[in-house]
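Colleague:
Residue numbers (this note's numbering): -17 to 60.
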């Protein structure tokens, strides 16, 4: 495996910024998509975990929420 050069990372970052500058609405679409995804996760997982009258539904929603929130931490731990 070849060692990565420090300029390769800078080149990728510059290319990503160039794409965002060339297509300014792309950043808006990405931000809106992320906001919509967060809203759907909140409405579909967090609210049932808090407001459901059924203990089984609250347990299930809590388990799903812990999986969703724990996934990024597991991915970075390796």
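All C-beta atoms in this analysis are idealised placements derived from N, C-alpha and C, irrespective of residue type, glycine included.
Around the C-beta of residue 43, are 16 or more other C-beta atoms found within 10 angstroms, so that it is buried, or is it exposed?
Modeller: Start at 1 with the first residue of the chain shown, and residue 43 comes out as number 61. It counts as buried.
Colleague: My assumption, with CB atoms under 8 Å, is that residue 2 sits in contact with residue 9. Please give the rounded CB distance.
Modeller: Your numbering for residue 2 matches position 20 in the chain shown. Your numbering for residue 9 matches position 27 in the chain shown. Confirmed, about 5 Å.
Colleague: List, from N- to C-terminal side, the alpha helix (DSSP H) runs of 4 residues or more that fit wholly inside the region -4 to 44.
Modeller: 6 to 23, 29 to 33
Colleague: In angstroms with no decimal places, state the Cα-to-Cα distance between residue -5 and residue 36.
Modeller: By one-based count along the chain shown, residue -5 stands at place 13. By one-based count along the chain shown, residue 36 stands at place 54. Rounded to whole angstroms, residue -5 to residue 36 spans 48 Å at the Cα level.
Colleague: Which residues in the same chain have their Cβ closer than 8 Å to the Cβ of residue 26, if we skip the five residues on either side of it in sequence?
Modeller: Taking the first residue of the chain shown as 1, we reach residue 26 at position 44. Excluding positions up to five away in sequence, the list is empty.
Colleague: So residue 23 and residue 50 are supposed to be a Cβ contact under 8 Å. How far apart are they, rounded?
Modeller: What you label residue 23 is simply residue 41 of the chain shown in a count that begins at 1. What you label residue 50 is simply residue 68 of the chain shown in a count that begins at 1. With a beta-carbon spacing of about 7 Å, residue 23 and residue 50 fall inside the 8 Å limit used to define contacts.
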